[in-house]
Each structure stands twice: as structure tokens, then as C-alpha cells.
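Asks:
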Amino acid sequence: MTIKDFLTELSQDNLTLFALPIFFIALGIEFYIGKKRNLELYYGKDSKASFWMLIFTGIVEFVPKLLAFIAFYFLHEISPLKDIVGRQWWAWIALFLLDDLAYYWFHRLNHEVRILWAGHVPHHSAIKMNFATALRQGVGERIHKFIFWAPLPLLGFDPLMIFTMVAISLFYQFWVHTELVNKLPKPIEFIFNTPSHHRVHHASNIRYLDCNHAGVLIIWDRMFGTFASEDELEKPIYGLTVNITSYKPIDVATHEYQAIWKDMNSATKWSDKLRYMFYAPGWSHNGEDKRSKTLRKKLTDAALYE
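Here the sequence shown is numbered in our numbering, starting from 2 and rising by one per residue.
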């Protein structure tokens, strides 16, 4: 296949383009309801930054997505399962589960490895929880994102099938970015990622940090120990533990990369420089350890001695 053939094939992955008008209509409805109820769901500068991140990610993602599609094609060609796994109903169910598991680990490691966090953090820098924040995707993460899906073509799933499932997952995830939906019935809350679970994920409260990395199914968080329920007595505080003060698009997109560079320059040992890149956010070679697990342990220990 030529590049032209790959582009033609990739152009069929257009679910997101069809979804965008729906997203903006939903955003307008949410904004109207918030205004009518005096809920202050939106903040102008915050939302404007979200729209800029949407544009940035669309630009940055094009080349990595094309390269991933080409790589997936060749991986699929060498798969011993390519003539067994087609687009049967059971194959779509299997792909749904595998895609969701891949997303969980992609998302979780984006929080637990600082250089990956730098690419994801624009999404979490929003100080409001709304549908505009759903569109505020991480810019740098688009570069490494598809690595986590690379095993799937080796399991016999064709590239367009994989990209379609990724788009379906993202479509679902848009709807969990809202404060207008309270907790859903318990069976749904137990199995699926819901607005309640995702509010926890976006919160900067210590007990909520780095929890609920789910895409569609919350079962992965329950299985791998990263689940936290939303406590009615502790309202989520959105944003970062230390919020950025600039709403300039370039600052929102790159501020953590700048912070990593600064921290690496402050360290003299190469081992510490590398830790600033690959340890979780909050680690310091000469200061307080502010990684989420450390902060949560201190909070738990303090509660035990009260």
C-alpha cells in the first residue's frame, strides 16, 4: 500500500467528525442549564483554553495517527490470527474489552510517569468540570498514545476496526465530563465509568488524586486498586494541586514540560534528572515528596491518629 492508500483508508475513521456537532450542541445545552440554575459551570478563559487545546490536538495528532495506522497495518499483516479475527460480533466485543484495558493503562501511566503526565496535564488544568473540558485533550500525549494499542493488531484486529473502537470510547467519555448528572443506579456505577467517577478523577483533593482512570468500564480501577468513590461530604475541587496562572494556549500545552526541564537542571546527579522524567509527578530530590500516593498515605496516617 502507498501513503495515498493509507490516507484513503484512514479517512474512513471519521466518527469524531460526525460527533463534534453533537458535542457542541450538548455543550450549549449544558451552558444554558447552568446559567438558568446559576451553577457557574463555565468560566470564559478556562473554556477558551479548552477550545484551543482541541485545535492543538487535532493538529499534533495527525502525523502520529497516520504512522500508527501504517504500523498497525504491518503488525496486522504478520499476525497469525488475522484470518481468524474479522469483524464478527464476538470480535467486536473482545476488541471493546481490550481497547478499554489499553486505555486504562495508557491513562494510568499518563498520571504515574511525569514525562507522560506532561502530555496529559492540559486536560486536567481545567478548573471547571463541563463538556468544554471534555474537548480539552492533552496535546503531547497524542505522540505516544498509540503505542498502548500496538498489541491489538497482533491479535488479529485490523487497524480501522481498532481506530473505530478508540473513537467510540472517546465518544462515550465525552458524556462523563459534567456536574449535571448525579450518581446513577448502583449496578451502572459498579460497572461503568460515570460522571460521578470521573468528577473524582478530575479532582485535586488528596483522597481523589490519580484515581478512576477508566474509559468506559470502571471495573479496571476496581481490579487494579485505583478506584475511589465520590464522597458527598467532600466536593471535588477541579484543576491541579497547584494551578497554572496562565491561560495562554502555548503555556497550557507546555507548562509541565517547562517545569520538568527546570527541575532537571536543578539536579546534579543524572539519576535524579531521570527520576524527574520517569517518577510520578511530585517527586523531588531536595524537597518534600508530593506524589499522590505519599500524600494519601500521610492523610490516612493522620486520620488514624485523630
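Each residue gets a CB set at the ideal place from its N, CA and C atoms; glycine is no exception. Every value quoted in this text rests on a predicted model; they were computed, and no experiment measured them.
Is the beta carbon of ALA119 sitting closer than 7 Å to the one on LEU28?
Replies: In the sequence shown, residue 119 corresponds to position 118, counting from 1. In the sequence shown, residue 28 corresponds to position 27, counting from 1. No.
Asks: Quick check: LEU153 and LEU82, are their CB atoms within less than 7 Å of each other?
Replies: Locating residue 153 in the sequence shown gives position 152, counting from the first residue. Locating residue 82 in the sequence shown gives position 81, counting from the first residue. No, the Cβ-Cβ distance between LEU153 and LEU82 is not below 7 Å.
Asks: Go ahead and pull the three-state DSSP assignment for TYR248.
Replies: Locating residue 248 in the sequence shown gives position 247, counting from the first residue. Coil.
Asks: Measuring CA to CA, which of GLY288, HIS121 and LYS298 is closest to ASP264?
Replies: Counted from its first residue, the sequence shown places residue 264 at position 263. Of the listed residues, the one whose Cα sits closest to ASP264 is GLY288.
Asks: Thinking C-beta only, is GLY141 closer than 7 Å to HIS124?
Replies: Against the sequence shown, residue 124 aligns to sequence position 123. Against the sequence shown, residue 141 aligns to sequence position 140. Taking 7 Å as the Cβ cut-off, HIS124 and GLY141 do not qualify as a contacting pair.
Asks: Taking only runs that begin and end inside the segment 209-265, name each unbroken alpha helix (DSSP H) of 4 or more residues, in chain order.
Replies: 220-225
Asks: Within 10 angstroms of its Cβ, does SER126 collect 16 or more other Cβ (buried), or is it exposed?
Replies: Against the sequence shown, residue 126 aligns to sequence position 125. The residue in question, SER126, is buried, as its Cβ has 16 or more Cβ neighbours within 10 Å.
Asks: Quick check: VAL86 and PHE158, are their CB atoms within less than 7 Å of each other?
Replies: The residue you call residue 86 lines up with position 85 of the sequence shown. The residue you call residue 158 lines up with position 157 of the sequence shown. Yes, the Cβ-Cβ distance between VAL86 and PHE158 is below 7 Å.
Asks: For TRP284 and GLU231, I'd like the C-alpha separation in whole angstroms.
Replies: Here residue 284 corresponds to residue number 283 of the sequence shown, with the count starting at 1. Here residue 231 corresponds to residue number 230 of the sequence shown, with the count starting at 1. Between TRP284 and GLU231, the C-alpha separation is close to 26 Å.
Asks: Taking the straight line between their C-alpha atoms, what separation do you get for THR301 and TRP53?
Replies: Numbered from its first residue, the sequence shown carries residue 301 at position 300. Numbered from its first residue, the sequence shown carries residue 53 at position 52. C-alpha separation (whole angstroms): 39 Å.
Asks: Please return the same chain residues whose Cβ sits closer than 8 Å to the Cβ of LYS49, not counting the five positions on each side in sequence.
Replies: Along the sequence shown, one-based indexing puts residue 49 at 48. Contacts found: TYR248.
Asks: For ALA204, list the residues DSSP reports as bridge partners.
Replies: Within the sequence shown, residue 204 is the residue found at index 203, counting from 1. According to DSSP, ALA204 bridges with TYR239.
Asks: Could you check the C-alpha separation between THR246 and PRO237 for me, to the nearest Å?
Replies: Residue numbering aside, residue 246 sits at position 245 when the sequence shown is read from its first letter. Residue numbering aside, residue 237 sits at position 236 when the sequence shown is read from its first letter. For THR246 and PRO237, the distance between alpha carbons rounds to 20 Å.
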